[in-house]
Amino acid sequence: GQNIDQPTEMTATEGAIVQINCTYQTSGFNGLFWYQQHAGEAPTFLSYNVLDGLEEKGRFSSFLSRSKGYSYLLLKELQMKDSASYLCAVVYNNNDMRFGAGTRLTVKP
Amino acid sequence: DSGVTQTPKHLITATGQRVTLRCSPRSGDLSVYWYQQSLDQGLQFLIQYYNGEERAKGNILERFSAQQFPDLHSELNLSSLELGDSALYFCASSAGASSGNTIYFGEGSWLTVV
């Protein structure tokens, strides 16, 4: 199988920093995506990592360690609108994208 | 707007019936993906087509089938519907067939089976 594990729920305060972790099975790995999904809406692309290291894009950053089968999404200066589910998706064997169950983030004032 | 169009947006049907969900990918995208998302569940990959041919298959039931047509639009056919098939069905598209191609999601089709 290709288990992709993320915490089910997280809560953070407006203006703070939150890190959402994702672990996955490494066999056949070809890349990792993070998507944001507001309830009842389509997932929207946030980031893509295929090499080890940190990719920064504004308030959001994503990190990958291929040897450890580990990634995280870092959200800085949290805003209320960041309350959403964050989906970790791994591409296996070059064309098979599998999603984790998602992490539901609640940002409180 | 991702550029991926799905119809219908909402559909209510009875158990045992058959429905067809339609998807038009972004202009120029050759790959189409279908995902199922049940209430409080993650996205479950169903199937992928690339340029008209099946490319990858996930947890798609035998009662479900899909195809991609020469104009690259795709249809997902769901038959002998059960209550548990109620879900949000997403279509997504990407330029290519392989990793590194960001996939873009449509707004989804809400299916309710009663």
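Heads up: the protein sequence lines correspond to chains A and B, in order.
Sequential numbering of the first sequence, starting at 1, is according to my numbering.
Sequential numbering of the second sequence, starting at 1, is according to my numbering.
From the three backbone atoms N, C-alpha and C, an ideal C-beta is built for every residue, glycine too.
- The beta carbons of A:Leu32 and A:Ser65 sit no closer together than 8 Å.
- Legend: CB atoms of the region 81-105 of chain A lying less than 7 Å from CB atoms of chain B belong to residues Leu87, Val91, Asn94, Asn95, Asp96, Met97, Arg98, Phe99, Gly100, Ala101, Gly102.
- Contact between B:Gln17 and B:Leu81 holds, since their C-beta atoms are separated by about 5 Å, short of 8 Å.
- Nearest C-alpha to B:Gly58 among A:Arg104, A:Met97, A:Met10: A:Met97.
- Shown here, B:Leu83 sits in a helix according to DSSP, grouped into three states.
- A:Leu73 is bridged by DSSP to A:Ile20, A:Ser62.
- Bounds of any beta strand (DSSP E) do not take in A:Asn93, whose DSSP letter is neither H nor E.
- Interface residue (Cβ-Cβ distance to chain A less than 8 Å): B:Ala95 is not classified as such.
- A residue is called buried once 16 or more other Cβ atoms fall within 10 Å of its Cβ, and B:Gln41, having fewer, is exposed.
- In the DSSP assignment, the residues bridged to A:Asn49 are A:Leu32.
- B:Leu88 places its beta carbon less than 8 Å from that of B:Gln37.
- In this structure, the CA atom of A:Leu105 is about 16 Å from the CA atom of A:Ser62.
- Residues Leu78 of the same chain have their beta carbon placed closer than 6 Å to that of B:Phe64, with the five preceding and five following residues left out of the count.
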